[in-house]
Amino acid sequence: MDSGAAKIMLLDSRESTEPNLYVISLDDAPRHMKRMIARSATKCFEHIMEDGASAMADLVDEEHDLAEERTVEIFEYFEEHCIQENKYKPGMTADVYISIAAC
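The sequence shown begins at 113 in my numbering and counts up one residue at a time.
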């Protein structure tokens, strides 16, 4: 992972008995996701769910014609990057916080 790139700390609680914490680069994140993060004052998106654009805590513009497709694209990005090498280790820092809740 490029140490100079902006990073997301992602708490994945979809498996409530085994929550996992990752730190992933924003380098190859979907552009629409980067725009929504840039517009956010807090850079904190809590309890998002794989339940459509309305469950994305402003990470997706619900009014956009492609909102549902963008939601799917974000979760595909997370799936691709939530791997062992990106698991949180003490000392890692991030610029954005996202937590995924179980549906």
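Every residue gets a Cβ at the ideal spot worked out from N, C-alpha and C, and that includes glycine.
Your pair Glu-158 and Ala-165 does not check out as a contact, with CB atoms roughly 16 angstroms apart and the cut at 8 angstroms. Listed in chain order, the alpha helix (DSSP H) runs fully inside the segment 176 to 200 are 179 to 193, counting runs of at least 4 residues. Here Lys-146 carries a helix assignment [DSSP, helix/strand/coil]. When C-beta atoms of the segment 173 to 187 are compared with those of the segment 124 to 139, fewer than three pairs fall below 8 angstroms, so the two segments do not count as touching.
Ser-211 carries a strand assignment under DSSP once its states are collapsed to helix, strand and coil.
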